[in-house]
Amino acid sequence: MIFIEKLSMENVSSTYYSGTQRLAVLEDVSLHVGEGEFVSVLGPSGSGKTTILKIAAGLLKPDRGRILINGKDITGAPQLVGYMPQQDLLFPWKTLKQNAALPLLAVKTGKREAYRRVEEMLPVFGLEGFADYYPVQLSGGMRQRAALLRTMLVESNLMLLDEPFAALDALTRESMQDWLLDIWRRFRRSVLFVTHSIDEAIYLSDRICVISERPGKNALEQVIELPRPRTKAMMVTKEFTLYKQLFINALAS
Ligand SMILES: Nc1ncnc2c1ncn2[C@@H]1O[C@H](COP(=O)(O)OP(=O)(O)OP(=O)(O)O)[C@@H](O)[C@H]1O
Ligand SMILES: [Mg+2]
9 MIFIEKLSME NVSSTYYSGT QRLAVLEDVS LHVGEGEFVS VLGPSGSGKT TILKIAAGLL
69 KPDRGRILIN GKDITGAPQL VGYMPQQDLL FPWKTLKQNA ALPLLAVKTG KREAYRRVEE
129 MLPVFGLEGF ADYYPVQLSG GMRQRAALLR TMLVESNLML LDEPFAALDA LTRESMQDWL
189 LDIWRRFRRS VLFVTHSIDE AIYLSDRICV ISERPGKNAL EQVIELPRPR TKAMMVTKEF
249 TLYKQLFINA LAS
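Its first residue numbered 9, the sequence shown is counted upward by one per residue in the working numbering.
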């Protein structure tokens, strides 16, 4: 199999400055997402995971290192990628349909066509019949799916997802994971997924990059060789437990 790079982050270091304070956040971090690959970034709180995604989307310029998307250097230049920030940012004054259509409207798709494409996707996202609901009228899981739908409608097959399920209860989270895998497979996206959850990362990913405590550095990179499609029954297998132990150790060291 030929490994085609979708996203490549090379030797990235990043510092935040606030007033006279200087905070080194990332130190020489490299990571790659191949075409169609599902890669997770696992790391403790404050280790710089969100910063990695912002840099990958070109929203933040690192001090050192570079970012390539489809082989092109985009370091510090905002890109049209499916970036879903850590908080689901649906506009409360817009309906589900209006929120989801934003990426299409942003690239000058006509309103009627944009809404048609949103409507067409609603059943896939379990949101059929809710086009005209406002975010406050949706459940937490529905809001996350609406935000993911909006992310999917960005015309890029690279998705950067920042802890999209963190705020959900355990049961909803589990069904959202299966649903995300289904979407990923069906629409052949390349995904960089940030999570705190070891189980979630193993369950979803082809490969996992562990980032150390701040300043975040590459601590471990591990391919997950569980077969696909993944099933919840795999989570109690010996292979799964071995991976889990590996990540627990990597995060503790
Ligand atoms: N805009 C900013 N200005 C100054 N410091 C920032 C800024 N954004 C983040 N930081 C700091 O950078 C560090 C890394 O933040 P980041 O949000 O990347 O971590 P994270 O790994 O995503 O954490 P979490 O798992 O809690 O979401 C934190 O110490 C945070 O306080
Ligand atoms: Mg974060």
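C-beta: ideal position from N, C-alpha, C; glycine also.
Between the CA atoms of G149 and L176 - distance to the nearest angstrom:
As a position in the sequence shown, residue 176 is number 168, starting the count at 1. As a position in the sequence shown, residue 149 is number 141, starting the count at 1. Looking at the two C-alpha atoms, the distance is approximately 7 Å.
Spatial neighbours of G224 within its chain, please: C-beta separation below 8 Å, excluding the five flanking residues on both sides.
Residue 224 sits at position 216 when you count from the first residue of the sequence shown. Excluding residues within five positions, the ones whose Cβ falls inside 8 Å are V33, L34, E35, V37, G51, S55, G56, K57, T59, I60.
For E171, count the other beta carbons within 10 Å of its own beta carbon; 16 or more makes it buried, fewer makes it exposed. Which is it?
Here residue 171 refers to the residue found at position 163 of the sequence shown. Buried.
Should the region 158-173 be called in touch with the region 16-28, which here means at least 3 C-beta pairs below 8 Å?
no
Identity of the residues DSSP links to D81 by a beta bridge
Along the sequence shown, one-based indexing puts residue 81 at 73. Bridge partners of D81: L76.
Could you please go through the chain and list the residues whose beta-carbon is closer than 7 Å to any non-hydrogen atom of ligand 2?
K57, T58, Q94, D170, E171, V202
Any non-hydrogen atom of ligand 1 within 8 Å of P70 CB
As a position in the sequence shown, residue 70 is number 62, starting the count at 1. Because no heavy atom of ligand 1 lies under 8 Å away, the Cβ of P70 does not count as near it: no.
Kindly indicate which residue of A209, Y142, R151, L135 has the alpha-carbon position closest to the one of F248.
The residue labelled residue 248 in the question sits at position 240 within the sequence shown. The shortest C-alpha separation from F248 is found at A209.
Going by alpha carbons, who is nearest to V20 out of L67, D71, Q29, E221?
As a first step, residue 20 must be located in the sequence shown, where it is residue number 12. Answer by Cα proximity: D71.
Assign E163 to one of three DSSP states: helix, strand, or coil.
Indexing the sequence shown from 1 puts residue 163 at position 155. Coil.
Does F201 come out as helix, strand or coil in the three-state DSSP assignment?
Along the sequence shown, one-based indexing puts residue 201 at 193. Reduced to three states, the DSSP call for F201 is strand.
Given a cut-off of 9 Å, decide if F201 and V49 are closer than it, judged by their beta-carbon atoms.
As a first step, residue 49 must be located in the sequence shown, where it is residue number 41. As a first step, residue 201 must be located in the sequence shown, where it is residue number 193. Their beta carbons are under 9 Å apart, which means V49 touches F201 by this criterion.
Can you tell which of T83, Y25, F133, S213 has its C-alpha closest to the C-alpha of A65?
As a working mapping, residue 65 is identified with position 57 in the sequence shown. When the alpha-carbon of A65 is set against those of T83, Y25, F133, S213, the nearest one is in T83.
Going by DSSP, what residue range makes up the beta strand (DSSP E) through D36?
Along the sequence shown, one-based indexing puts residue 36 at 28. Where D36 is concerned, the enclosing beta strand (DSSP E) stretches over 29-42.
Rounded to whole angstroms, how far is the Cβ of L212 from the Cβ of L189, which I believe are closer than 8 Å?
Taking the sequence shown and counting its residues from 1, the one referred to as residue 212 is at position 204. Taking the sequence shown and counting its residues from 1, the one referred to as residue 189 is at position 181. That belief holds up - the Cβ atoms of L212 and L189 are roughly 6 Å apart, short of 8 Å.
Measuring only from the beta carbon, is G73 closer than 8 Å to any heavy atom that is part of ligand 1?
Locating residue 73 in the sequence shown gives position 65, where the first residue counts as 1. Answer for G73: no, Cβ out of range of ligand 1.
DSSP-derived helix/strand/coil call for S183
Translated into positions along the sequence shown, residue 183 becomes position 175. Helix.
In chain order, what residues of the same chain have a beta carbon less than 7 Å from the beta carbon of R238, not counting five sequence neighbours either side?
Taking the first residue of the sequence shown as position 1, residue 238 is located at position 230. Excluding positions up to five away in sequence, the list reads L189, Y211.
Is V115 buried or exposed, if buried means 16 or more other CB atoms sit within 10 Å of its CB?
Counting from 1 along the sequence shown, the entry for residue 115 is found at position 107. Exposed is the label assigned to V115, since fewer than 16 other Cβ atoms lie within 10 Å of its Cβ.
What are the boundary residues of the beta strand (DSSP E) that includes T249?
What you label residue 249 is simply residue 241 of the sequence shown in a count that begins at 1. Element bounds for T249: not the beta strand (DSSP E) but the alpha helix (DSSP H), 246-260.
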